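Chemist: Protein sequence lines, in the order shown, are assigned to chains A and B.
Here this note's numbering is used: the first residue of the first sequence is 1, the next is one more, and so on.
Here this note's numbering is used: the first residue of the second sequence is 279, the next is one more, and so on.
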Amino acid sequence: MLRSLVATELRPSLERHRSVHANASRVDTHRLLVNLDQATRIAVAFACQTATTQRSGLGAVCTGVLSVAGAGVSLMASGRSGTVSISDAYVGTLEDVQFAIGVGPSHDAFASGRPVLTPCFDDRASSRWPSFVDLARANGVAAVFAYPLGFNGASIGVLSLYQPADGNLTMSQHDDSVAMAEMITETLLTMQDTAPDGMLAAGLEDAVSYRAQVYQASGMVAVQLRIPVSDALLRMRAHAFATGASVGFVAADIVARRLRLDDDAKGSRNGLVAGTRE
Amino acid sequence: MPDDERKMGLERQALTALTFVEIVDTLVGDFDVIEVLTVLTSRCVQLLDTSAAGILLADPDGHLRVIGASTEQIELLELFQIQNDQGPCLDCYSTGAVVVESDLRRSTPWPKFSAESVRVGFPSVCAVPMRLNDVILGCMNLFMAEPVALSAGEVAIAQALADVASIAIVQDLATRQAVIREDQLQHALNSRIAIEQAKGMIAERGGMDMDDSFAKLRSFARNNNRGLTEVAEALVAGTLPIEKLSGRRATDNP
Chain A
1 MLRSLVATEL RPSLERHRSV HANASRVDTH RLLVNLDQAT RIAVAFACQT
51 ATTQRSGLGA VCTGVLSVAG AGVSLMASGR SGTVSISDAY VGTLEDVQFA
101 IGVGPSHDAF ASGRPVLTPC FDDRASSRWP SFVDLARANG VAAVFAYPLG
151 FNGASIGVLS LYQPADGNLT MSQHDDSVAM AEMITETLLT MQDTAPDGML
201 AAGLEDAVSY RAQVYQASGM VAVQLRIPVS DALLRMRAHA FATGASVGFV
251 AADIVARRLR LDDDAKGSRN GLVAGTRE
Chain B
279 MPDDERKMGL ERQALTALTF VEIVDTLVGD FDVIEVLTVL TSRCVQLLDT
329 SAAGILLADP DGHLRVIGAS TEQIELLELF QIQNDQGPCL DCYSTGAVVV
379 ESDLRRSTPW PKFSAESVRV GFPSVCAVPM RLNDVILGCM NLFMAEPVAL
429 SAGEVAIAQA LADVASIAIV QDLATRQAVI REDQLQHALN SRIAIEQAKG
479 MIAERGGMDM DDSFAKLRSF ARNNNRGLTE VAEALVAGTL PIEKLSGRRA
529 TDNP
């Protein structure tokens, strides 16, 4: 009897607690529920203030604190992603290419829930993520370290660190990166706490909105080709790859109706097309 | 007799230590907070001269609810229930201080509770707070069959056990809360993306721009009493045919 009482009554009641303690009429449940020390809570409060735009300081703070050349923070959800903050333009390029081709160290870190440490681009890295490695090298990147963002094995995104020379992070850099990933996780969740139910917090909107056209275009292509939306994105990636354009560029053309992937055979864009007629 | 007492003392020390080890062991890795609290109440009965023990936590409305008890005796549950009106637990929860009442047959601040407790065979009661720092989660209620007070040492043991259990509760809450928050963020991200994808689908099908497409999506959701995200996700998943929304213009846009 107690068991069932507990199962039905406790679970909801545990979700949120309120104390009637003398000098705290309404306890900050967040403070109670999240095991953060004071320093982390303060850091999170500051980070929330800075992490509100694409070119925000969050990525730059990571490079400073962790002594790395470049850093990017991306929100991710089952193959979809959006950068919240990048320290440098090339970091954005490398995060974008991973989004576009659907593979890369960030994806692996997100999928596995574990850090993916690539101190040099050896054969293994090159065979796993050929396009990413090529583009990384072209941007002067020699090593990349991707830390999943999330607690309890769940992932909400990835912190990616980029270095211009081969070599592992030091132990303390690694430890700090793990701590930084936790703090960023808390920051993103805290930002989202203020959002209306089911909506993305205003500060996190940029992570999606700058790729809005890509998502819109994938919906259009799905209808054009009568294929699932996820396949449409792959088709756009293939087209971008074949034409040497970025996925964002392809998407802009599709949304502007300068390009249809179902009439590729007609050579709608300078003949530089992959035959994708259904 | 002194030997017996010494033996009893040693046995209690050993059992106390074992209880702590047992509870701490359950906190490693995944643990069931209910299990931890149930173990706690039964050990309290074994360790201390008590007949029954129960743990009450406050729900969001400040209502005390039974989470675990050493016995499922119905009278005991009713005793816990009464305390949402009056009783040592309510006092303990409100003040954060230990409440000890060794003889409920005397006049107490809680006549209704006292009468019922005496009637079902518990003339002595003690309540220790379940707390973490300055936050009080609820309390542990101990009932004795004889009108005698728990000793200061016994109260200290009870409080120490309650403190360990409080850590378990807060840890469990933190874990659960983190999962909820992560899920909410993922859902919001997916929802936002699905809406963009659905806009693209409607725009392509209806030959309209993204603004009109969004208006179409929104009015369809509203007219069909469905959520915007739900409609968008159904379109993207293919469970809602795009034809249902097709039309050259968003004429039903207000």
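Idealized CB from N, CA, C, for every residue including glycine.
Computed from a predicted structure; not experimentally measured.
Where Ser268/A and Arg237/A are concerned, what is the direct C-alpha to C-alpha distance, given to the nearest angstrom?
Modeler: Summary for Ser268/A: the model assigns pLDDT 44, below 50, so the residue's position carries little reliability, and this model does not support an answer.
Chemist: List the endpoints of the continuous alpha helix (DSSP H) containing Ser372/B.
Modeler: 366-373
Chemist: Below 8 angstroms on C-beta distance, what does Met488/B contact in chain A?
Modeler: Gln216, Val255
Chemist: Apply the 10 Å Cβ neighbour rule to Phe46/A and answer buried if 16 or more other Cβ atoms are within range, or exposed otherwise.
Modeler: Looking at its Cβ environment, which holds fewer than 16 other Cβ atoms inside 10 Å, Phe46/A is exposed.
Chemist: Could you tell me how far apart the beta carbons of Gln224/A and Arg260/A are, in whole angstroms, since I believe they sit closer than 8 angstroms?
Modeler: About 6 angstroms separates the two Cβ atoms, so the contact holds.
Chemist: On the DSSP letters alone, give me the boundaries of the beta strand (DSSP E) that Ser160/A sits inside.
Modeler: 157-163
Chemist: Residues in the stretch 151-172 of chain A with C-beta within 7 angstroms of chain B's C-beta atoms, listed in sequence order?
Modeler: Phe151, Asn152, Ala154, Ile156
Chemist: Please determine, among Leu233/A, Met180/A, Asp197/A, the residue with the shortest C-alpha to C-alpha distance to Ala212/A.
Modeler: Leu233/A
Chemist: Of the residues that make up the stretch 194-205 of chain A, which ones have a beta carbon closer than 7 angstroms to any beta carbon in chain B?
Modeler: Ala195, Gly198, Met199, Leu200
Chemist: Report the residue ranges of all alpha helix (DSSP H) runs contained in full by the stretch 352-434 of chain B; include only those spanning at least 4 residues, in chain order.
Modeler: For secondary structure counted as the alpha helix (DSSP H) over 4 or more consecutive residues, the stretch 352-434 of chain B holds these complete runs in sequence order: 352-360, 366-373, 389-397.
Chemist: If you drop the 5 nearest sequence neighbours on each side, which residues of the same chain put their C-beta closer than 8 angstroms to that of Ala24/A?
Modeler: Since pLDDT at Ala24/A reaches only 31, below the 50 mark, its modelled position is unreliable, and no value is offered.
Chemist: Out of curiosity, what's the CA-to-CA distance linking Ala251/A and Ser230/A?
Modeler: 14 angstroms
Chemist: Between Asn168/A and Leu117/A, is the Cβ-Cβ spacing less than 8 angstroms?
Modeler: yes
Chemist: Can you list, in chain order, the residues of its chain whose CB lies under 8 angstroms from that of Ser246/A, leaving out five sequence neighbours each side?
Modeler: These residues qualify, in order along the chain: Asp96, Ala100, Ala240.
Chemist: Can you name, in chain order, every residue of its own chain whose Cβ lies under 6 angstroms from the Cβ of Pro519/B, other than the five neighbours on each side?
Modeler: Excluding sequence neighbours, Pro519/B sits near nothing in its chain.
Chemist: Using a Cβ-Cβ cut-off of 8 angstroms, state whether Ala440/B counts as contacting chain A.
Modeler: no
Chemist: Compile a chain-ordered list of the residues in the stretch 86-113 of chain A whose CB is closer than 7 angstroms to at least one CB of chain B.
Modeler: none
Chemist: Are Ser444/B and Met408/B close, meaning C-beta to C-beta below 8 angstroms?
Modeler: Yes, the pair counts as a contact, with Cβ atoms nearer than the cut-off.
Chemist: Please check the pair Gly198/A and Ala466/B, which I expect to be a contact at CB under 8 angstroms, by giving their CB distance rounded to whole angstroms.
Modeler: The distance from the Cβ of Gly198/A to that of Ala466/B is about 6 angstroms, consistent with a contact at the 8 angstroms cut-off.
Chemist: Can you give the Cα-Cα distance for Pro105/A and Ala201/A, rounded to whole angstroms?
Modeler: 26 angstroms
Chemist: Tell me the residue span of the alpha helix (DSSP H) that contains Pro130/A.
Modeler: Segment 130-138, the alpha helix (DSSP H) holding Pro130/A.
Chemist: Would you tell me roughly how many angstroms separate the C-alpha atoms of Val300/B and Val442/B, rounded to the nearest one?
Modeler: Strictly speaking, residue 300/B in this sequence is Glu, with Val absent from that position. Roughly 11 angstroms between the two C-alpha positions.
Chemist: Taking Cβ-Cβ distances below 8 angstroms as the criterion, which residues of the stretch 468-501 of chain B are in contact with chain A?
Modeler: Asn468, Ser469, Arg470, Ile471, Glu474, Gln475, Ala476, Lys477, Gly478, Met479, Ile480, Ala481, Glu482, Arg483, Met488
Chemist: Rounded to whole angstroms, what is the Cα-Cα separation between Gly150/A and Tyr162/A?
Modeler: 20 angstroms
Chemist: Apart from the five residues on each side of it in sequence, which residues of its chain come closer than 8 angstroms, Cβ to Cβ, to Asn362/B?
Modeler: Contacts found: His341, Leu342, Leu368.
Chemist: Can you tell me whether Ile254/A is helix, strand or coil according to DSSP?
Modeler: DSSP places Ile254/A in helix when its eight states are reduced to three.
Chemist: Quick check on the burial criterion: 16 or more other C-beta atoms within 10 angstroms. Buried or exposed for Gly157/A?
Modeler: buried
Chemist: Is it a yes or a no for the stretch 172-181 of chain A touching the stretch 65-73 of chain A, going by three-plus beta-carbon pairs under 8 angstroms?
Modeler: yes
Chemist: Could you spell out the range, first to last residue, of the alpha helix (DSSP H) harbouring Ser106/A?
Modeler: 105-112
Chemist: Name, please, each residue of chain A whose Cβ falls closer than 9 angstroms to the Cβ of Glu521/B.
Modeler: The premise fails here: Glu521/B is roughly 11 angstroms from chain A at the closest Cβ pair, so nothing lies under 9 angstroms.
Chemist: Quick one: complete alpha helix (DSSP H) runs, 4+ long, within the stretch 305-331 of chain B?
Modeler: 311-325
Chemist: Would you report the Cα separation of Ser155/A and Leu75/A, rounded to the nearest angstrom?
Modeler: 9 angstroms
Chemist: Go ahead and pull the three-state DSSP assignment for Leu259/A.
Modeler: coil
Chemist: Near Gln173/A, which residues of its chain fall below 8 angstroms by C-beta distance, leaving aside the five closest residues on each side in sequence?
Modeler: Leu66, Ser67, Val68
Chemist: Do the CB positions of Val406/B and Cys370/B come within less than 8 angstroms of each other?
Modeler: Note that the C-beta distance between Val406/B and Cys370/B is below 8 angstroms.
Chemist: For a contact meaning CB atoms closer than 7 angstroms, what does Gln462/B contact in chain A?
Modeler: Gln192
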